[in-house]
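In mature numbering (1 follows the signal peptide of the UniProt record, and there is no 0), the protein residues as written are -29 to -1, 1 to 560.
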């Protein structure tokens, strides 16, 4: 790539002429800068005029660049802008600072700008750093074009600004800082104080998401409506007559509002599990403000009310049984949500206790208690799970019903994020599908253990609002594997569905005996049966058995039945077995 600084001598001699002809070709009227320079109409008001040449000298700018750029009364002509762009790139920031002289000439420059799409050279108007690399040919051309079209109006703006625009205020300090407000004060500019008509105070959070602005004619201001525990930057601009007469911002003042005590709530106040299982306790921590600082969390437990809580970390012999973690799970407009988890591995009888999640920050503390109880009861569904039936009951949109897969409990989460799914507007139906998929099972603790963020937790427990925006879906995509792992982990603990359902007797008559193959890990079998009338199906009746056989008594005669069986344990119930159909015989007299 050819660079501006590496241009051949021939280009340096004739290049400006060729480029100038290209710029002016086809234009009408007069183009260019008055070779005699700008007229200094500020005579009689010399107290406002800076010595820009002396300023450039003090900043180490070369004599060539001082001559070409630093005298606001004589801007470079069309040919000199090439030399400026080639010889002065490293001095442009210093030159811009001197020409701006602590005033913001950008409103005037922007208003008068012309002739170039990319106004790369206007940084000279507010003293900021050049954003171009003049060693790159394309950027060099654009910068030269900007100077060629705008150098004269820019220098005219400098001359006007020196007469009308004040310098920025000084000594910006904090008077007081509260939870949601701050009082600041400052002193007028050291010079040109008479030009100041009012001050504009600008306050923005360190993450640039919160901005607040106020005006005053005094030298102090109370800024309210701030967020607690948030870092802000405050700058002040002095303004003169008219919108274009203003200073550059003052030196930046950093303030941090006072924080509030954290607010803690339990993810679940009462949790159940069985011996040998892994269970995760969790508390959600609301920290007001937007300053990220992970809170300190101490887990403790006790067995009876007469005992004190014992910190779990103080039990080294149990260190391999517990794992505590804290992660940022949501960033809201005015607060941060952290989640603290305590995972108990291979639960034993001694682990059934009352746990306390104690949270401390620099601004206070809060705590919540969670009871971990032994699980003794096997959940018995009212009817066999049927995703399609559930989706229909929830009045799911017809174009989205393909996601509901009969009696299959596994929801294709990855498919929910495909363009086809979104095109059918199924995202609004996602909560219904997740509700039908989860049934009585919650994967929430497992997902929290894997640091799934708050916006995606509805995929795990169905209790919160599901993501409906493109940004929310994009946020959840990296966590889909974690969600699926939790589904698979939970399903692995549940018994397989029974198979080989069969009638024990050749001629079904009351009572009817049905048996099936024994299922490993099953503690209970749930048998559902119903009458099949022509075109209609009755509601399910159910019975339970601890053995792989059931006796159905008092069935109506000459009636057709459907039977399915679920294998269940403390971890949950299986999918239904294949249906067994039979008809009862008439009673023998």
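Note that the Cβ used here is the ideal one computed from N, Cα and C, for glycine as well.
| Asked | Found |
| --- | --- |
| Where residue 207 falls, given that 16 or more other Cβ within 10 Å makes a residue buried | buried |
| Coil, strand or helix - residue 2 by DSSP | For residue 2, the pLDDT reaches just 29, beneath the cut-off of 50, and the residue's location in the model is therefore unreliable, although a value from the coordinates is still provided. Of the three classes helix, strand and coil, the one that applies to residue 2 here is coil, per DSSP. |
| Counted within 10 angstroms of its Cβ, other Cβ atoms place residue 223 as buried (16 or more) or exposed | exposed |
| Under the three-state DSSP convention, the category residue 572 falls into | Here the chain comprises residues numbered -29 to 560, so residue 572 is not present and cannot be evaluated. |
| Proximity to residue 283 [Cα-Cα], best of 249, 309, 264, 322 | 322 |
| Whole-Å CB distance - residue 226 paired with residue 145, under 8 angstroms assumed | 6 angstroms |
| Residues near residue 271 by beta carbon distance below 8 angstroms, same chain, minus five either side | 280, 281, 282, 283, 326, 327, 329 |
| Under the three-state DSSP convention, the category residue 18 falls into | Residue placement at residue 18 is flagged as unreliable, the pLDDT there being 43, under the threshold of 50; the coordinate-derived value follows with that caveat. Three-state DSSP puts residue 18 in a helix. |
| Beta-carbon contacts of residue 294 that lie in its chain and below 6 angstroms, excluding the five residues immediately before and after | 314 |
| Environment of residue 228 [buried if 16+ CB atoms lie within 10 Å] | buried |
| Cβ neighbour criterion (16 or more within 10 Å) applied to residue 186 | exposed |
| Residue 65 and residue 25 closer than 9 angstroms at C-beta | no |
| Residue 539 - partner residues in DSSP beta bridges | 495, 544 |
| Exposure of residue 274, with buried meaning 16 or more beta-carbon neighbours within 10 Å | exposed |
| One or two residues paired with residue 184 in a DSSP bridge | 173 |
| Assigned secondary structure, residue 432 (DSSP; H/G/I helix, E/B strand, else coil) | helix |
| Chain D contact for residue 501 (CB, 9 angstroms cutoff) | Protein chains in the displayed structure number just one, and chain D is not present. |
| Per-residue DSSP class, three states only, for residue 50 | coil |
| Neighbourhood of residue 475 by C-beta, 8 angstroms cutoff - its chain only, sequence neighbours within 5 removed | 484, 485, 486, 520 |
| Residue 97 - DSSP class collapsed to helix/strand/coil | coil |
| Buried or exposed (CB count within 10 angstroms, at least 16 for buried), residue 52 | buried |
| Spatial neighbours of residue 192 in its chain, beta-carbon cut-off 7 angstroms, leaving aside the 5 residues before and after | 155, 172, 185 |
| Sheet register partners of residue 236 (DSSP bridge) | 255 |
| Counterpart residues of residue 154 in DSSP-defined beta bridges | 147, 193 |
| Contacting residues, own chain, Cβ-Cβ under 7 angstroms from residue 162 (five flanking each side not counted) | 138 |
| Close Cβ partners of residue 517 (< 8 angstroms) along its chain, the five nearest in sequence each way excluded | 494, 495, 496 |
| Host beta strand (DSSP E) of residue 335 (start-end) | 335 to 345 |
| Inter-stretch contact (C-beta, 8 angstroms, three-pair minimum) for the stretch 255 to 265 and the stretch 295 to 313 | yes |
| Inter-residue spacing [alpha-carbon to alpha-carbon] between residue 220 and residue 167 | 14 angstroms |
| Enclosing beta strand (DSSP E) for residue 206 [first to last residue] | 202 to 210 |
| Beta-carbon gap between residue 461 and residue 414 smaller than 9 angstroms | yes |
| Residue 238 beta carbon less than 9 angstroms from that of residue 430 | no |
| 4-residue-minimum alpha helix (DSSP H) runs that sit fully inside the stretch 65 to 92, ordered along the chain | 77 to 83 |
| Start-end ranges of the beta strand (DSSP E) lying completely within the stretch 259 to 319, minimum 3 residues | 267 to 273, 293 to 302, 306 to 315 |
| Contact under 9 angstroms by Cβ, residue 424 with residue 450 | yes |
| For residue 326, the residue or residues it bridges with in DSSP | 272, 341 |
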